[in-house]
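S.K.:
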Amino acid sequence: NLINGGRTFLQDVSNQIIFQELRFVADGTSSFKWLVGADYFSHDNTEEFDQWQGALFANAQRRTVNMNADSWAAFGSAEYSFSDIPVTITGELRYAVDKIDGDVLTFRNRDRVVPQTDFAADDSFTNLPWSLTASYRFSEQDVMAYAKVASSYRQGGMNLNEGSPGVELYPAV
Numbered sequence: 295n296l297i298n299g300g301r302t303f304l305q306d307v308s309n310q311i312i313f314q315e316l317r318f319v320a321d322g323t324s325s326f327k328w329l330v331g332a333d334y335f336s337h338d339n340t341e342e343f344d345q346w347q348g349a350l351f352a353n354a355q356r357r358t359v360n361m362n363a364d365s366w367a368a369f370g371s372a373e374y375s376f377s378d379i380p381v382t383i384t385g386e387l388r389y390a391v392d393k394i395d396g397d398v399l400t401f402r403n404r405d406r407v408v409p410q411t412d413f414a415a416d417d418s419f420t421n422l423p424w425s426l427t428a429s430y431r432f433s434e435q436d437v438m439a440y441a442k443v444a445s446s447y448r449q450g451g452m453n454l455n456e457g458s459p460g461v462e463l464y465p466a467v
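Per the numbering used here: the sequence shown = residues 295 to 467.
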């Protein structure tokens, strides 16, 4: 129970998270190393927000949010260190598939029959982020310099925070 300005709010949150990662690392030689792996992530989230308890006011609401996210990825990296110069080259690759679906249902106190918000999202995202790094080790100074180029991405989701007035609440997928 949360109390704000004499009003009582009930909030119930339920989360179930599963994460598993498998890796295989090979130190083949002193100059060539590699890694391959895969991971799986699942997040099921249910939130209920109830302002109808205690003192009722015209703008009180009851909101239920259901959100499910599933993700899997396969990844790998390879590193080669030159023997005649202090340079190492590293490449990394990750293929990811992310799926998110959910719904939001909000009723206001002034109209408990017709929902104010009835929003559903269902989308999938795939990407192939990569990186390439070259490093140079200054042996006399025990210092390293490197250059890296990479791509990245962030999956979509559902924006459950109202944020600024006038900003659309949920369509963030």
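Ideal Cβ positions, reconstructed from N, Cα and C, are used throughout, including at glycine. Predicted model only: the values in this text are computed from it and were never measured.
1) Buried or exposed for residue 392, going by 16 or more other Cβ atoms inside 10 Å?
2) Between the Cα of residue 374 and the Cα atoms of 445, 320, 327, which residue gives the shortest distance?
3) Compute the distance between the beta-carbons of residue 341 and residue 305, then report whether it is under 9 Å.
4) Assign residue 345 to buried or exposed, taking buried as 16 or more other Cβ atoms, counted over all protein chains shown, within 10 Å of its Cβ.
5) Enumerate in chain order the residues of its own chain whose CB-to-CB distance from residue 386 is below 6 Å, with the five nearest sequence positions on each side excluded.
6) Quick check on DSSP: helix, strand or coil for residue 446?
M.R.: Reading it off the structure:
1) buried
2) 327
3) yes
4) buried
5) 371, 425
6) Residue 446: coil per DSSP, three-state reduction.
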